[in-house]
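Student:
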Amino acid sequence: MATAGKVIKCRAAVAWEPSKPLVMEEIEVAPPQAHEIRIKIVATGVCHTDLYHLFEGKHKDGFPCVLGHEGAGIVESVGSEVTKFNPGDKVIPLFISQCGQCRFCKSPKTNLCEKGWASDRYDVMSESDTRFTCKGKKVLQFMGTSTFSEYTVVNEIAVAKIHPSAPLDKVCLLGCGVATGYGAALNTAKVEPGSTCAVFGLGAVGLAAVMGCKNAGAKRIIAIDINPTKYEKAKIFGATEFVNPKDHNKPISQVLHEMTNGGVDFSLECVGNVAVMRSALESCVKGWGVSVLVGWTDMDDFAARPIQLIAGRTWKGSLFGGFKSKDGVPKLVNEYLEKKVKLDEFVTHNMTLAQVNDAIQLMQTGDCIRSVLSVALQ
Ligand SMILES: NC(=O)c1ccc[n+]([C@@H]2O[C@H](COP(=O)([O-])OP(=O)(O)OC[C@H]3O[C@@H](n4cnc5c(N)ncnc54)[C@H](O)[C@@H]3O)[C@@H](O)[C@H]2O)c1
Ligand SMILES: [Zn+2]
Ligand SMILES: [Zn+2]
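Next comes the structure, spelled out in structure tokens:
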């Protein structure tokens with residue numbers, strides 16, 4: 001590639017400060033250093049966690065940054081010591097790394113990794129180091145990925161090489177939302193055949209959780225959202241019943257207990273709201289119910305009565321669906337190519353990177369599932 005070893009000037013949507021629209025800017029992207037890969041981003045989804053950082057988390061040290069962490073692209077060049085990637089490879093950048101060496105990577109019990117921003121910087125949601133500059137200022141790489149840019153640089157421990165025939169404008173969703181919800185049901189909740197499940201929140205993450213429950217053989221999948229326009233999609237992914245909390249004047253957990261003779265076997269919170277997390281827990285049956293936190297928030301404490309757990313319920317959380325990222329994502333891409341995992345049905349809007357603020361607004365108003373933005377030409 002003619003650009004290898006040189007600084008690339010390209011277009012990116014920069015979040016200069018919290019709660020403000022993103023600004024299309026020309027940024028400079030430094031060449032990859034040892035063990036790093038520079039990626040041309042072809043397509044990216046917009047996930048609620050981008051909106052969380054911009055409008056809710058708003059940590060002052062987390063800006064300026066380039067958001068986006070659900071992308072797919074093509075390797076432009078590699079730094080020294082990189083042996084497993086070549087220019088032209090199709091890849092998905094990963095917001096949690098898999099170094100393969102640390103005690104977490106070596107344990108089959110977790111998908112956490114001690115390397116990268118996700119080891120301890122959940123407040124600012126990026127590493128202090130970055131390969132981006134704009135107008136003479138350092139610009140942070142949100143979740144280590146920054147897919148709202150035509151080019152980005154990622155350490156090889158946070159890049160998955162995927163099947164060469166994978167359509168990047170679809171498999172980008174496996175970089176976050178779909179892998180997250182799907183894995184939360186399969187890997188974290190470990191949904192069982194014949195079980196009754198409840199999924200709270202029917203964005204892409206929740207719908208993917210519905211798909212996971214269905215693929216695990218659940219008999220009843222109760223889909224819960226305050227926005228009834230989401231039920232039609234939920235049906236496509238396997239939901240069998242629908243509940244709108246706004247239609248009831250009693251706690252939603254009580255509604256679910258009545259519907260299920262004492263509570264569901266598995267519940268998944270895919271909203272990011274601590275009150276909903278409590279409802280999801282309380283909707284589970286005593287004795288064996290399992291409730292999984294998938295929605296993202298780090299701002300409020302949650303509360304519940306201890307008897308909920310003493311009586312035998314389990315409350316757990318799931319990051320990236322429990323998938324070890326480098327191992328899991330290429331497999332999920334293959335499952336999509338083999339038609340075991342749906343992706344196309346999540347995409348409600350196709351736009352360009354320059355329309356990113358419109359895509360953000362669609363998510364805020366609840367008028368999309370996933371908007372996929374085309375970023376650089378393939
Ligand atoms: N754990 C992880 O690794 C991980 C990864 C990706 C996203 N997330 C989080 O998952 C959550 C969902 O992401 P998304 O992209 O699908 O978001 P989204 O905004 O598309 O979907 C959220 C859905 O929740 C619904 N909702 C809001 N309040 C509700 C309530 N009180 N009861 C029921 N439904 C309600 C909304 O109507 C919407 O349909 C976010 O919190 C996101 O940050 C977590
Ligand atoms: Zn995400
Ligand atoms: Zn590791």
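To convert, note that position 41 of the sequence shown is 41 in UniProt numbering; the numbers rise steadily by one, no gaps. All C-beta atoms, glycine included, are put in the ideal place defined by N, C-alpha and C.
#1: Would you list the residues whose beta-carbon is nearer than 6 Å to any heavy atom of ligand 4, in the order they occur in the chain?
#2: Quick check: the Cα distance between T145 and S195, rounded to an integer number of angstroms?
#3: Under 7 Å Cβ to Cβ from H35, same chain only, skipping five residues before and after it: list those, please.
#4: Hey, could you find the ends of the alpha helix (DSSP H) T260 is sitting in?
#5: Do V375 and V42 have their C-beta atoms closer together than 8 Å?
#6: Collect the residues with a C-beta less than 5 Å away from any heavy atom of ligand 3 and give them in sequence order along the chain.
#7: By the three-class DSSP mapping on this structure, what secondary structure does K246 have?
#8: Using the Cα positions of S291 and I27, report the straight-line distance between them to the nearest angstrom.
#9: Could you tell me which whole alpha helix (DSSP H) segments of length 4 or greater appear in the region 2 to 77?
#10: Below 8 Å between beta carbons: does that hold for F320 and N86?
#11: Between V285, P245 and A275, which has its C-alpha nearest T260's C-alpha?
#12: So, at 8 Å on beta carbons, what are the nonlocal neighbours of residue 412 in its own chain, with the 5 sequence-adjacent residues on each side left out?
#13: Buried or exposed, going by whether 16 or more other CB atoms sit within 10 Å of the CB of M299?
#14: Kindly provide the ranges of any beta strand (DSSP E) runs that are 3 or more residues long and lie completely inside the region 316 to 376, ordered along the chain.
#15: Just grab the DSSP bridge partners of A198 for me.
#16: Taking just the CA atoms, how far does F302 sit from M277?
#17: Taking the beta strand (DSSP E) that K235 belongs to, which residues open and close that run?
#18: Please specify which runs of the beta strand (DSSP E), each continuous and at least 3 residues long, are wholly inside the region 144 to 190, giving them in chain order.
#19: 8 Å is my cut-off, CB to CB: does I8 come that close to chain C?
#20: Can you find a heavy atom of ligand 1 that lies under 7 Å from the Cβ of V290?
#21: Helix, strand or coil: which one does DSSP assign to V292?
#22: Note down the Cα distance separating T348 from V205, rounded to an integer number of angstroms.
#23: Could you pull the start and end residues of the beta strand (DSSP E) that P93 belongs to?
#24: Measuring only the C-alpha atoms, how far is K58 from G272?
#25: Can you give me the Cβ contacts of A160 inside the same chain, cut-off strictly under 7 Å, excluding the 5 residues immediately before and after it?
#26: Between which two residues does the alpha helix (DSSP H) containing L140 stretch?
#27: May I ask you to check if the CB of N227 is nearer than 7 Å to at least one heavy atom of ligand 1?
#28: What residue from V14, C99, K316 and V294 has the CA that sits closest to V210's CA?
#29: Can you say whether Y151 is buried or exposed, counting buried as having 16 or more other CB atoms within 10 angstroms of its CB?
Tutor: The short version:
#1: With respect to ligand 4, the structure shown offers nothing to examine, as its ligands consist of ligand 1, ligand 2 and ligand 3.
#2: T145 and S195 have their C-alpha atoms some 37 Å from each other.
#3: G79, E81, V82, N155 and E156
#4: I252 to T260
#5: A distance below 8 Å separates the beta carbons of V375 and V42.
#6: Listed by position along the chain, the residues with Cβ atoms less than 5 Å from a non-hydrogen atom of ligand 3 are C99, C102, C105 and C113.
#7: In this structure, DSSP gives K246 a helical state, which the three-state scheme calls helix.
#8: Near 43 Å, if we compare the C-alpha coordinates of I27 and S291.
#9: Here the runs fully enclosed are 48 to 51.
#10: No; because the gap between Cβ atoms is not below 8 Å, this pair is not in contact.
#11: Of V285, P245 and A275, the residue nearest in Cα terms is V285.
#12: What is shown of the chain runs 1 to 378, which leaves residue 412 out entirely.
#13: That one is exposed.
#14: 347 to 352 and 370 to 374
#15: I222 and S267
#16: 8 Å
#17: Here K235 belongs to no beta strand (DSSP E); instead the alpha helix (DSSP H) covers Y231 to F237.
#18: Counting only runs of 3 or more, we get 151 to 155 and 159 to 161.
#19: As a matter of chain content, chain C is missing from the structure shown, which is built from one protein chain.
#20: no
#21: strand
#22: 14 Å
#23: K90 to P93
#24: Each residue's Cα considered, the two are about 15 Å apart.
#25: V91, I92, L94, S325, K326, V329 and P330
#26: Per DSSP, L140 belongs to no alpha helix (DSSP H); it is in the beta strand (DSSP E), K137 to Q141.
#27: Because some heavy atom of ligand 1 lies under 7 Å away, the Cβ of N227 counts as near it: yes.
#28: V294
#29: buried
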